[in-house]
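Residue numbers (full-length UniProt numbering): 1 to 165. Only one structure is covered here, and it is reproduced in the block below.
Now the structure itself:
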């Protein structure tokens with residue numbers, strides 16, 4: 001099941017999508033992965049990103065995450081409410097979580113997860129991971145209770161000058 005926008009795309013979204021696809025294609029030519037993304041605010045592109053996983057040796061450097069990081073720096077904020085993520089491909093679960101954490105208003109994408117899988121980028125199992133018991137996950141995850149496990153949260157709660165997010 002793919003994500004869908006709540007309203008029909010307008011002509012600007014088509015222009016932005018063409019740019020995201022161009023970024024993705026150019027990324028391949030320069031040694032990056034075949035993914036491109038834009039962050040749009042107020043009808044203007046404020047940041048772009050391409051997949052830099054292999055060139056930066058960073059498995060989190062997906063195009064969407066890179067665009068989000070660049071937008072946050074450009075706008076001097078960690079909240080991107082009012083912004084749109086335009087991606088050449090459906091965001092993987094990590095990128096979707098990043099979009100949710102950054103409070104983006106909407107996400108628009110072109111290629112879907114099945115298109116990506118055909119090209120060798122098969123993240124389909126990740127979308128279903130949380131519906132499976134952790135005993136069958138590909139990475140072992142163990143809860144190790146510690147007596148002082150809530151100390152960081154306690155410190156956060158009493159910090160008068162904390163910045164909520």
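Where is the CB? At the ideal position from N, CA and C, for every residue including glycine.
Endpoints, beta strand (DSSP E) assigned at residue i
{"i": "residue 44", "result": "44-51"}
{"i": "residue 34", "result": "33-41"}
{"i": "residue 85", "result": "83-89"}
Residue range of the alpha helix (DSSP H) that includes residue i
{"i": "residue 108", "result": "Residue 108 -> not in any alpha helix (DSSP H); beta strand (DSSP E) instead, spanning 106-111."}
{"i": "residue 127", "result": "124-128"}
{"i": "residue 66", "result": "63-75"}
{"i": "residue 26", "result": "11-29"}
{"i": "residue 93", "result": "93-101"}
Sequence-distant residues of the same chain with beta carbon closer than 6 Å to residue i, five excluded per side
{"i": "residue 113", "result": "90 and 124"}
{"i": "residue 98", "result": "65 and 68"}
{"i": "residue 24", "result": "34, 35, 36 and 88"}
{"i": "residue 192", "result": "Not covered by the structure: residue 192. The range shown for the chain is 1 to 165."}
From the options, residue whose alpha carbon lies closest to that of residue i
{"i": "residue 53", "options": "46, 43, 47 and 64", "result": "64"}
{"i": "residue 103", "options": "85, 33 and 162", "result": "85"}
{"i": "residue 10", "options": "25, 43, 34 and 35", "result": "43"}
{"i": "residue 26", "options": "88, 45, 152 and 127", "result": "88"}
Where residue i falls, given that 16 or more other Cβ within 10 Å makes a residue buried
{"i": "residue 50", "result": "buried"}
{"i": "residue 32", "result": "buried"}
{"i": "residue 130", "result": "exposed"}
{"i": "residue 21", "result": "buried"}
{"i": "residue 142", "result": "exposed"}
Sequence-distant residues of its chain with Cβ nearer than 8 Å to residue i (five each side left out)
{"i": "residue 147", "result": "none"}
Contacts around residue i, its chain only, beta-carbon distance under 7 Å, and the 5 residues preceding and following it disregarded
{"i": "residue 166", "result": "The structure shown does not extend to residue 166, since the chain is modelled only from 1 to 165, so the question has no answer here."}
{"i": "residue 59", "result": "53"}
Tell me, please, whether the region 73-80 touches the region 39-53 by the rule of three or more beta-carbon pairs shorter than 8 Å.
The region 73-80 makes contact with the region 39-53, as at least three CB pairs between them are under 8 Å.
Given 8 Å as the limit, is there contact between the region 59-77 and the region 112-125, that is, 3 or more CB pairs closer than that?
The region 59-77 is not in contact with the region 112-125.
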